[in-house]
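> When we follow our numbering, the leftmost residue of the sequence shown carries the number 1, and every step to the right adds one.
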Amino acid sequence: MAWPREFGGQGRSNQERYVVVEELLAAGAPVAAHWVAERQIGLSLLRFGTPDQCRAHMPAIARGESYFGACYSEPDVGSDLAAVRTKATRTSDGWLISGRKVWTSQAHIADQFFVLARSRVDGKKHDGLTMFIVPRAAAGVQVRPLLLLNGEHHFNEVTFDDVLVSDAAVVGGEGMGWRVIGAELAIERSGPERFLSVLPLLRAMVASGPTHTRREEVAAAIGELVARLRTLRAMSMAVAAAIEAGGQPTVQAALVKDLGTRFESDVVTAARTHWEVEPRGHGTDRYADLVAQAVMHAPTFTLRGGTNEVLRGIVARALGLR
Numbered sequence: 001m002a003w004p005r006e007f008g009g010q011g012r013s014n015q016e017r018y019v020v021v022e023e024l025l026a027a028g029a030p031v032a033a034h035w036v037a038e039r040q041i042g043l044s045l046l047r048f049g050t051p052d053q054c055r056a057h058m059p060a061i062a063r064g065e066s067y068f069g070a071c072y073s074e075p076d077v078g079s080d081l082a083a084v085r086t087k088a089t090r091t092s093d094g095w096l097i098s099g100r101k102v103w104t105s106q107a108h109i110a111d112q113f114f115v116l117a118r119s120r121v122d123g124k125k126h127d128g129l130t131m132f133i134v135p136r137a138a139a140g141v142q143v144r145p146l147l148l149l150n151g152e153h154h155f156n157e158v159t160f161d162d163v164l165v166s167d168a169a170v171v172g173g174e175g176m177g178w179r180v181i182g183a184e185l186a187i188e189r190s191g192p193e194r195f196l197s198v199l200p201l202l203r204a205m206v207a208s209g210p211t212h213t214r215r216e217e218v219a220a221a222i223g224e225l226v227a228r229l230r231t232l233r234a235m236s237m238a239v240a241a242a243i244e245a246g247g248q249p250t251v252q253a254a255l256v257k258d259l260g261t262r263f264e265s266d267v268v269t270a271a272r273t274h275w276e277v278e279p280r281g282h283g284t285d286r287y288a289d290l291v292a293q294a295v296m297h298a299p300t301f302t303l304r305g306g307t308n309e310v311l312r313g314i315v316a317r318a319l320g321l322r
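#1: Please name the residue in Gly182, Asp161, Val170 whose C-alpha comes closest to that of Val315.
#2: Just verifying my parser: in three-state terms, what is the DSSP assignment at Gly173?
#3: Within 10 angstroms of the Cβ of Val206, are there 16 or more other Cβ atoms? Answer buried if so, exposed if not.
#4: Does DSSP put His153 in a helix, a strand or coil?
#5: What three-state label does DSSP hand Asp162 in the structure shown?
#6: If you pair each beta-carbon of the segment 183-198 with each one of the segment 151-164, do three or more pairs fall below 8 Å?
#7: May I have a chain-ordered list of the beta strand (DSSP E) segments no shorter than 3 residues that lie completely inside the segment 3-75?
#8: According to the neighbour-count rule (16 or more other Cβ atoms, all chains shown, within 10 Å of its Cβ), is Glu224 buried or exposed?
#9: For Val121, does the three-state DSSP call read helix, strand or coil?
#10: Does DSSP put Val102 in a helix, in a strand, or in coil?
#11: Which of the three DSSP states, helix, strand or coil, is assigned to Gly94?
#12: Can you tell me whether Gly99 is buried or exposed? The criterion is at least 16 other CB atoms within 10 Å of its CB, across all chains shown.
#13: Could you check the C-alpha separation between His34 and Arg214 for me, to the nearest Å?
#14: When the Cα atoms are used, what is the spatial distance from His57 to Val267?
#15: Quick one: is Asp122 buried, meaning 16 or more other Cβ sit within 10 Å of its Cβ, or exposed?
#16: Report yes or no: do three or more beta-carbon pairs, one from the segment 75-89 and one from the segment 219-239, lie closer than 8 Å?
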């Protein structure tokens, strides 16, 4: 809805989109499949893509007819995106992409991939990275599931075996991949979905009240969590305003993601310790079921959008500590 009308959007502000996203999350709307394409790929194309790329992909995304996966993290590299080893080799026909990506959300339903690859090996590791648009149907692309503890299929491994793409697949220019991904991850890391995933559990904690005598201690714990939630929302909205103004708040977004991940984990911990409830699924106890779901999803909190260690490295680099 924040895209230009010419590319299928409604020409509204990023803050207006933020409010709608909050309401969708509060209602439990099934939006996860379209997050990558609508939330981050579209804005990346607007900022760094060519007019032809915008026309080719954005209207279909807006109609809900095209899904994207973000192929960034790699085995033995994790979320240290500057250390990617997937190679993009120049040929007379374009580029040959070879490598393996892991923890790619919704790759099994994606039509296209944003793929970060190393097109040059000289200079600093942040240099020589290029972003490509790669069709999932291209020869040499394979997608394999990485199942969660509860059997859910969210993450995937994606391999590229000499996948040929043309120069038209390059986003932002050769060697500009770090700039593209920095802007994109600022969007991914700072939205309300980065801390509202545990909101149903927090609401259940408030509604149910403690089941033992440590009421003051539990009330203080809930109060702290609610205060942190309000602070995170204010920080997240500030990043949304900065993006609307054309900025690239990479550091601010990293802080929102880092603090949001810790908040999510602390809510799950509080739900188990202060209520003395063991998680179990598919039972008659709604609260215990929520705890079970949160516990099984908790390991994914830090995987989405970069681990806390990488995020803190971004902040340290900006402060001149690295």
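Glycine included, C-beta positions come from ideal geometry on N, C-alpha and C. Only a predicted model underlies this, so the values are computations on that prediction, with no experimental measurement involved.
According to the data block:
#1: Out of Gly182, Asp161, Val170, Gly182 has the C-alpha closest to the C-alpha of Val315.
#2: Gly173: coil per DSSP, three-state reduction.
#3: Val206 comes out exposed.
#4: DSSP places His153 in strand when its eight states are reduced to three.
#5: Reduced to three states, the DSSP call for Asp162 is strand.
#6: Not touching, per the Cβ criterion.
#7: For the segment 3-75, whole beta strand (DSSP E) runs of length 3 or above, ordered along the chain, are 68-71.
#8: That one is exposed.
#9: Here Val121 sits in coil by DSSP.
#10: In the three-state DSSP reduction, Val102 falls in the coil class, being neither helix nor strand.
#11: Strand, per DSSP.
#12: Counting Cβ neighbours within 10 Å, Gly99 comes out buried, since at least 16 surround it.
#13: When only Cα atoms are considered, His34 and Arg214 end up about 43 Å apart.
#14: Distance between the alpha carbons of His57 and Val267: 38 Å.
#15: Exposed, by the Cβ-count rule.
#16: No, the segment 75-89 does not touch the segment 219-239.
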